[in-house]
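Colleague: I'd like to ask you about the structure that follows.
Residue numbers (full-length UniProt numbering): 1 to 145.
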């Protein structure tokens with residue numbers, strides 16, 4: 001369950017959203033052709049922030065995410081995604097759950113980017129850029145499973 005699901009969409013902009021205590025994900029994004037500028041996804045001690053899977057050209061920019069779990073969990077089949085100016089507090093940080101290519105450029109206070117490749121049959125991920133992200137109070141550093 002999630003507060004908001006975005007599927008089969010183009011050029012989505014979300015601004016000023018607050019989501020509290022959603023189950024599983026606050027925002028789930030699957031199969032969009034382009035997603036841009038997600039601002040303010042909410043605060044919850046129980047839930048993932050913005051879930052990105054089977055997507056391309058998604059940008060999550062200038063966002064504060066406070067969760068007790070993953071700020072931005074990324075699933076299989078994601079390509080050309082951009083994560084920038086994120087303030088990720090508590091929880092596990094950014095989690096990628098399939099083999100992928102990740103570009104990290106000036107990342108400050110980086111403490112948590114998570115698990116990769118949970119099953120061999122998953123579609124891979126590529127060209128994922130994470131830049132200017134502040135992690136505070138997160139549980140892990142780079143975690144590769």
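Using N, Cα and C, we set each Cβ at its ideal position, and we do this for glycine too.
Look up residue 136 in the DSSP assignment and give the residues it is bridged to.
Modeller: Residue 136 pairs with 89.
Colleague: What number of angstroms, rounded off, separates the C-alpha of residue 62 from the C-alpha of residue 131?
Modeller: Spanning the two alpha carbons is a distance of roughly 11 Å.
Colleague: Which residue marks the beginning of the beta strand (DSSP E) containing residue 59, and which one marks its end?
Modeller: 59–67 is the span of the beta strand (DSSP E), which, as asked, contains residue 59.
Colleague: So what's residue 76 in DSSP terms, helix, strand or just coil?
Modeller: DSSP places residue 76 in coil when its eight states are reduced to three.
Colleague: Tell me whether residue 58 counts as near the ligand FAD, meaning its Cβ is closer than 6 Å to at least one heavy atom of that ligand.
Modeller: The ligand FAD is not among the ligands present in this structure, which contains no ligands whatsoever.
Colleague: Buried or exposed for residue 13, please, with buried defined as at least 16 other CB atoms from any protein chain shown within 10 angstroms of its CB.
Modeller: So residue 13 counts as exposed.
Colleague: Nearest-angstrom Cα distance between residue 80 and residue 49?
Modeller: Answer to the nearest angstrom: the Cα atoms are 20 Å apart.
Colleague: Whole-angstrom Cβ separation of residue 150 and residue 123, contact assumed at under 8 Å?
Modeller: Summary: the structure shown does not reach residue 150, with the chain confined to residues 1 through 145, and so no result is reported for it.
Colleague: From 72, 55 and 127, pick the residue whose C-alpha is nearest to that of residue 64; which is it?
Modeller: Cα-wise, what sits closest to residue 64 is 72.
Colleague: Name the DSSP beta bridge partners of residue 56, please?
Modeller: Its beta-bridge partners are 79.
Colleague: Answer yes or no: do residue 136 and residue 68 have a C-beta to C-beta separation smaller than 7 Å?
Modeller: Not a contact, by the Cβ cut-off of 7 Å.
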